[in-house]
């Protein structure tokens, strides 16, 4: 499980801001290369760091999307397998209750069986209990054509495999998200460090300092928009308060009408 700070970096606006800042920073470093080259990281290494996040085929951004698609497909397959297993359990157990109702020993066994299927683990547990009971009651019992004990057991095993596959895809998605978040944090740290040193080398007033003006610094759209809304709300409140406190100026006729007679 990744921290809330790393989760925040995965927000679309924050990710876009970091990538945008990095691209501007790299482009500016190319322009400044004749006068100054950052000693901490070469341009080739910096671009490789960017590719680790945003490469169209191998970047963690793409791999996260792919892992999410795999997770969705695996979840859909598990849902289908669980539904089919539950239907088979309901059918086989229902027919068996009728078929073996006169056998007192079997009737007592049926009291321990159910087919509610309210959630995945219950569906799997009920299927396993019924499979064991099937073996005890009559392994040759076939409730409907094609639904043999062996076929039922194979269906249950396939469902367990689908559940395992779904869990694996969730784990891989979490791993991809963590790797992407860490790569984004490293990318952001690099851009901040480069900008700070570049500003030291090219302070305001330097002939090349204007190149740094186009580089985004700590701007994060999500937070900037929230701050903008807070400022607007504060101004609206101040305006409403000022309006409420403003004295009411009456027209001259109203003033004259309010003067008592004889004055």
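In the working numbering, the protein residues as written are 58 to 320. Ideal placement from N, C-alpha and C gives every residue a C-beta, glycine not left out.
Asked: Skipping 5 residues on each side, what residues in its chain have a beta carbon closer than 8 angstroms to that of residue 172?; Found: 143, 146, 147, 150, 151, 183 and 187
Asked: Could you round the C-beta distance between residue 141 and residue 212 to whole angstroms and report it? I think they count as a contact, below 8 angstroms.; Found: 7 angstroms
Asked: Report the start-end ranges of each alpha helix (DSSP H) in the segment 66–113 that is 4 residues or longer and not cut off at the edges.; Found: 69–89 and 100–111
Asked: Which class does residue 264 belong to by DSSP, given the choice of helix, strand or coil?; Found: coil
Asked: In whole angstroms, what is the alpha-carbon distance linking residue 293 and residue 106?; Found: 45 angstroms
Asked: Tell me which residues share the same chain as residue 273 and place their Cβ nearer than 8 angstroms to its Cβ, disregarding the 5 neighbours each side in the sequence.; Found: 74, 77, 78 and 81
Asked: Going by alpha carbons, who is nearest to residue 68 out of 234, 227 and 291?; Found: 234
Asked: Do residue 266 and residue 93 have their CB atoms nearer than 9 angstroms?; Found: no
Asked: Over the uninterrupted alpha helix (DSSP H) stretch that includes residue 147, give me the two end residues.; Found: 117–156
Asked: Report buried or exposed for residue 261, applying the criterion of at least 16 other Cβ atoms within 10 angstroms of its Cβ.; Found: exposed
Asked: Given a cut-off of 9 angstroms on the beta-carbon distance, is the pair residue 130 and residue 226 in contact?; Found: yes
Asked: By the 10 Å Cβ neighbour count, where 16 or more other Cβ atoms means buried, how is residue 196 classified, buried or exposed?; Found: exposed
Asked: Taking residue 109 and residue 240 to be in contact with their CB atoms under 8 angstroms, please state how far apart those CB atoms are, rounded to whole angstroms.; Found: 5 angstroms
Asked: Counting only the same chain and skipping the five closest in sequence on each side, list residues whose C-beta sits under 8 angstroms from that of residue 179.; Found: 173
Asked: Is residue 138 near the ligand ADP, in the sense that its beta carbon is under 8 angstroms from a heavy atom of that ligand?; Found: With respect to the ligand ADP, the structure shown offers nothing to examine, as it has no ligands at all.
Asked: Let's test the definition: count the other Cβ atoms within 10 Å of the Cβ of residue 246 and tell me whether it reaches 16, buried, or not, exposed.; Found: exposed
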